[in-house]
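The structure under discussion appears below in the form of structure tokens.
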Amino acid sequence: MILKGQAEVRGEVKSATKIFDSVEKRLVVPVYQRNYDWSRKQCERLFDDLEDLITQGRPKHFFGSIVGNPETSFLWVVIDGQQRLTTLSLLMLALTRALDAGVLETKDKDLANRIRRSFLLINEKSGETKFKLKPVKNDADAYRRLFSDEKYFVEDSNLTSNYRYFIERLARTSLTGDEVWNAIESLDLMILDLEAHDDPQRIFESLNSTGLALSEADKIRNLVLMGQDSDTQEYLYENYWNVMERNVNYRTDWFIRWYLTIRLSRTPNQNAVYDEFKSLLSKRKEPVAEILRELHDYSELFREIDHPSTGNQKLDRVLGRFNLIRGDVLIPLILPLYREMRQGKLSVGEFSRIIRVLETHVFRRTIASVGANSLNKIYATVYNEVRKLRREGDSTLDIVIYLLRRRDHTSGRIPDDEEFSEAFASRNMFRLHKATTRYLFDVLENGDSNDTKDIATALENQAVSIEHIMPQTLSLPWREDLGEDAEEVHRTWLNRIGNLTVTGYNSSYSNLPFLQKRDRENGLRETAYRLNNDIRDCEVWNEVAMRHRTDVLLADALNYWCFPETSFEPVRVAPLTEPMGDDTDFTGRAVAAFEYEGVKVPVRTWAELMPRFLRVLLDEHRSEIINYANTESSALAVLNPDQATPPGVAEVDSALGVQIWSSTWSKVKELRKLFDYLGLDTEELVFTLRRNKDEVETEETVTEASPYEDLISFQELIDDEFSAPNITPVDTESLRNQFVEAFKSHRPVEPLAALNGANLQSLKTSAGAAEATPEQILAAIALTIDTPAMYAPHALHDSMAAGEISRWLESLADAGFQDV
329 MILKGQAEVR
339 GEVKSATKIF
349 DSVEKRLVVP
359 VYQRNYDWSR
369 KQCERLFDDL
379 EDLITQGRPK
389 HFFGSIVGNP
399 ETSFLWVVID
409 GQQRLTTLSL
419 LMLALTRALD
429 AGVLETKDKD
439 LANRIRRSFL
449 LINEKSGETK
459 FKLKPVKNDA
469 DAYRRLFSDE
479 KYFVEDSNLT
489 SNYRYFIERL
499 ARTSLTGDEV
509 WNAIESLDLM
519 ILDLEAHDDP
529 QRIFESLNST
539 GLALSEADKI
549 RNLVLMGQDS
559 DTQEYLYENY
569 WNVMERNVNY
579 RTDWFIRWYL
589 TIRLSRTPNQ
599 NAVYDEFKSL
609 LSKRKEPVAE
619 ILRELHDYSE
629 LFREIDHPST
639 GNQKLDRVLG
649 RFNLIRGDVL
659 IPLILPLYRE
669 MRQGKLSVGE
679 FSRIIRVLET
689 HVFRRTIASV
699 GANSLNKIYA
709 TVYNEVRKLR
719 REGDSTLDIV
729 IYLLRRRDHT
739 SGRIPDDEEF
749 SEAFASRNMF
759 RLHKATTRYL
769 FDVLENGDSN
779 DTKDIATALE
789 NQAVSIEHIM
799 PQTLSLPWRE
809 DLGEDAEEVH
819 RTWLNRIGNL
829 TVTGYNSSYS
839 NLPFLQKRDR
849 ENGLRETAYR
859 LNNDIRDCEV
869 WNEVAMRHRT
879 DVLLADALNY
889 WCFPETSFEP
899 VRVAPLTEPM
909 GDDTDFTGRA
919 VAAFEYEGVK
929 VPVRTWAELM
939 PRFLRVLLDE
949 HRSEIINYAN
959 TESSALAVLN
969 PDQATPPGVA
979 EVDSALGVQI
989 WSSTWSKVKE
999 LRKLFDYLGL
1009 DTEELVFTLR
1019 RNKDEVETEE
1029 TVTEASPYED
1039 LISFQELIDD
1049 EFSAPNITPV
1059 DTESLRNQFV
1069 EAFKSHRPVE
1079 PLAALNGANL
1089 QSLKTSAGAA
1099 EATPEQILAA
1109 IALTIDTPAM
1119 YAPHALHDSM
1129 AAGEISRWLE
1139 SLADAGFQDV
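The sequence shown begins at 329 in our numbering and counts up one residue at a time.
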């Protein structure tokens, strides 16, 4: 095998364990390599793949490649692939601990010892124990301590964190110890040995230098086509994939990201599009051809919108204008609504009016300088919310307006007439983005008229330009027209809308006195643009004239970008979602859940949110967060395992705590400081807020938690999810999966016995749920989850929809702390 023409490397695909199984061989990671930095996410993916190997009966799984330099028969220097080898070692160590503790069953009673002897340790003749794998210096100590008592663990190390994750997964897996080991042995690695004459450092640089990496779309194409026979591959590629790429002008990564946003109601990270697509394919079990057909169909719809060709001239004109300011974040709403229009579920007129509402939302925010960050979160979910809320006879337009207007006092608001008017009249309109400028003057000239002049195209082609009526440089005649406050008037009004217009005359006219600019050939009086009507008969251009013109244009603006109103009200008001952002004040607002990187976690208080969210963040940024906790201004604390946790501090994990005796404002401020330290986007953390419930938090009180707190916190999310009329099992899949995962730690060993004679059907009634013991409630939930799919394919969904799960959770909440 040749690597970039620099060196010859011998490679062979073998079981991953083969690299470990020579009795005396040591695997050494050289000092020039970076520290171990795989996160929980990579470990989770590895363990999921191992479980799939067994449950799906697959013989092998390719785990990637590693490159090493066999310096001697007993020493193999790891050039590339240390992350995989270290992770595999952590998993094997965790497996031996699980086997020793009896957590996993095994028929081979010597399996744990055999794994240690053959794959983890080297027993020297002197009796001294050495480790097969030697990580880089900063990781070596943490790795060595994992083989000792837990009290010696280095808690701020990624190795320790990932080892603990594997311990946790092994405790939850349905596989036996033998099956886990068989799965590990079924992992294949491409193992590449350097030749004696090769330069290891050159190879390392070659492997890690910038090259033509596969794009996310390349990987997706390979994923969906590689498993097909040749004829099917060709058909799917030519009829779906290739056409889709042409429709989106080969911005395939970009387009699939927005397609996934439609499907998931959240926007994937740009570098995680492949992983999200693979997960969607795996979870939804949809045929590849169906997914490709939908991608193709959406690409056709996108092309018709992006290059307006809907077959309706009036709609094409609306879309052509809107495209100037549309922004990518609106695609997940516009595409499925346009598809509904194509399917006859939505009229052309209603779709066109929805576009006008979206225009107003985007443009009013632009003019009022409201940040666009929060729009990503809003428009990722709006279509799904519309679909859930819409009943027979409801106007889709009204529901869209309702969903936008319910954010009136948040960062996602539509600026009202007062905020918009003040900004429209006073902001610098000469420095807008070029496309926004073209859009603005096209609207001001044409409005809704059928008799239009294509100012947008004329500006783009520079056939006309934006002209300052009062020029950028004042001459003596202009100073006389403006009066004694000429400098102040000039500074205030120069770039405001009242002093700007569109002209086609020579730029050399710009500094002429007003009457000459008006009366010259092709001057302002001869212009064909309606936009200049109020200038034609004006005798002097001063502050009064500019103020009058501003009022005229503002009236037109308020008429075109009118503030949307609706009388629509849902049967039950769903909780509001709000990005954390940089300045929103959440004081007095009760939290129901947080969502980060596609994972939504229910909570009951801000005090509960802090440690639970930090646990999520710790998986990806452990060392940085530990460093931050050691700064003076941090409300995080590095914990000493030999000392009690200080009062008012909640434990995040054994190495980290967070101060929770504080106000909501202080808690959110601390999260923003941490995000700034880590370089993260504060818009990525989204809070779900309870309806009309204020949460009173003092500086020094923390409520003792119920033993069922993690389950009880789902009650409001379940109630809210099923408050809408059109909820399907696909809609509740994520919620149900999270609930089942949280329930595992409460699950009775023998659910039928735990019923203690109670009738399951009786427990489903309000009276039965109120009288049941916590043990009977937990048994009822377990039996509902365990209902065979052949009898009730969506038993948990149906139980949630019927209110049974909610009643049981309420009963658990009422049980108080009797089991604490």
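Yeah, the Cβ is synthetic: ideal placement off N, Cα and C, and Gly gets one too.
Expected contact under 8 Å - CB spacing of residue i and residue j to nearest Å
{"i": "tyrosine 711", "j": "proline 660", "result": "6 Å"}
{"i": "threonine 878", "j": "alanine 753", "result": "5 Å"}
{"i": "phenylalanine 391", "j": "leucine 517", "result": "5 Å"}
{"i": "leucine 374", "j": "leucine 413", "result": "Not really, about 12 Å apart at Cβ, beyond 8 Å."}
{"i": "isoleucine 682", "j": "alanine 511", "result": "Not a contact, Cβ separation roughly 50 Å."}
CA-to-CA distance, residue j to residue i, given in whole angstroms
{"i": "glutamate 566", "j": "methionine 572", "result": "10 Å"}
{"i": "alanine 814", "j": "lysine 845", "result": "19 Å"}
{"i": "aspartate 625", "j": "valine 576", "result": "12 Å"}
{"i": "proline 346", "j": "alanine 468", "result": "First, the amino acid is wrong: residue 346 is lysine here, not proline. One C-alpha to the other measures close to 22 Å."}
{"i": "isoleucine 633", "j": "leucine 647", "result": "7 Å"}
{"i": "glycine 1131", "j": "arginine 1064", "result": "14 Å"}
{"i": "tyrosine 602", "j": "threonine 501", "result": "26 Å"}
{"i": "isoleucine 548", "j": "aspartate 559", "result": "19 Å"}
{"i": "glutamate 433", "j": "leucine 984", "result": "33 Å"}
{"i": "arginine 693", "j": "phenylalanine 679", "result": "21 Å"}
{"i": "methionine 908", "j": "glycine 926", "result": "15 Å"}
{"i": "leucine 882", "j": "glutamate 948", "result": "50 Å"}
{"i": "serine 537", "j": "isoleucine 953", "result": "Low confidence applies to serine 537: its pLDDT is 44, below 50, so where it sits in the model is not reliable, and the reading given next is rough at best. In a straight line, the C-alpha of serine 537 is about 29 Å away from that of isoleucine 953."}
{"i": "phenylalanine 583", "j": "isoleucine 590", "result": "11 Å"}
{"i": "threonine 400", "j": "arginine 612", "result": "50 Å"}
{"i": "glycine 699", "j": "isoleucine 706", "result": "13 Å"}
{"i": "arginine 444", "j": "glutamate 713", "result": "53 Å"}
{"i": "asparagine 958", "j": "serine 951", "result": "11 Å"}
{"i": "valine 690", "j": "arginine 645", "result": "18 Å"}
{"i": "arginine 715", "j": "leucine 674", "result": "12 Å"}
Close-in-space but distant-in-sequence residues of the same chain around residue i (CB under 7 Å, 5 per side omitted)
{"i": "methionine 938", "result": "Ala978, Val986, Ile988 and Lys995"}
{"i": "serine 1090", "result": "Gly1096"}
{"i": "valine 880", "result": "Asp862"}
{"i": "valine 464", "result": "Val357, Val359, Gln361 and Asn363"}
{"i": "leucine 1137", "result": "Leu1039, Ile1040, Phe1042 and Gln1043"}
{"i": "arginine 1135", "result": "Ser1094 and Ala1097"}
{"i": "arginine 943", "result": "Val980 and Asp981"}
{"i": "threonine 488", "result": "Ala470, Leu474, Phe481 and Val482"}
{"i": "cysteine 866", "result": "Ala873"}
{"i": "threonine 1112", "result": "Ala1123, Leu1124 and Ser1127"}
{"i": "leucine 802", "result": "Ala814 and His818"}
Cut-off 6 Å between Cβ atoms - residues of its own chain near residue i, not counting five sequence neighbours on either side
{"i": "threonine 1029", "result": "Caution is warranted here: a pLDDT of 44 is assigned to threonine 1029, below 50, making its placement in the model unreliable, and the coordinate value is therefore given only provisionally. No residues qualify anywhere along the chain."}
{"i": "asparagine 704", "result": "Thr595 and Val657"}
{"i": "proline 1155", "result": "Nothing about residue 1155 can be read from this structure; the chain reaches only from 329 to 1148."}
{"i": "tyrosine 888", "result": "Val771 and Gly775"}
{"i": "arginine 1155", "result": "The structure shown does not extend to residue 1155, since the chain is modelled only from 329 to 1148, so the question has no answer here."}
{"i": "tyrosine 730", "result": "Thr894 and Phe896"}
Contacts around residue i, its chain only, beta-carbon distance under 8 Å, and the 5 residues preceding and following it disregarded
{"i": "leucine 535", "result": "For leucine 535, the pLDDT reaches just 49, beneath the cut-off of 50, and the residue's location in the model is therefore unreliable, leaving the point undetermined."}
{"i": "leucine 609", "result": "Leu551, Val552, Val616 and Ile619"}
{"i": "asparagine 870", "result": "Asp809, Leu810, Gly811 and Val817"}
{"i": "phenylalanine 941", "result": "Phe922, Tyr924, Val929, Leu999 and Leu1013"}
{"i": "alanine 856", "result": "Lys781"}
{"i": "leucine 1080", "result": "Ala1107 and Leu1111"}
Exposed unless 16 or more other CB atoms sit within 10 angstroms - verdict on residue i
{"i": "glutamate 1027", "result": "Only weak support is given to the placement of glutamate 1027: the predicted model assigns it a pLDDT of 43, under 50, and the value that follows is read from those uncertain coordinates. With fewer than 16 other Cβ atoms within 10 Å, it is exposed."}
{"i": "serine 895", "result": "exposed"}
{"i": "proline 1150", "result": "This structure does not reach residue 1150, given that the chain is present from 329 up to 1148, and the question cannot be answered."}
{"i": "serine 1139", "result": "buried"}
{"i": "aspartate 436", "result": "exposed"}
{"i": "tyrosine 666", "result": "buried"}
{"i": "aspartate 1147", "result": "The predicted model places aspartate 1147 with a pLDDT of 46, which falls under 50 and marks its position as unreliable, so this point remains unresolved."}
{"i": "glutamate 936", "result": "buried"}
{"i": "asparagine 490", "result": "buried"}
Residue-level contact to chain D via CB, residue i, 9 Å cutoff
{"i": "tryptophan 366", "result": "The chain inventory of the structure shown lacks chain D, comprising one protein chain alone."}
Are the stretch 715–724 and the stretch 786–801 in contact at 8 Å, needing three or more beta carbon pairs?
no
How about the stretch 909–917 and the stretch 966–977: do they share at least three Cβ pairs that are nearer than 8 Å?
no
Using 8 Å as the threshold, is the stretch 437–446 in touch with the stretch 414–425, meaning 3 or more CB pairs across them?
yes
Pair every Cβ in the stretch 1049–1060 with every Cβ in the stretch 956–967, then say whether three or more of these pairs are closer than 8 Å.
no
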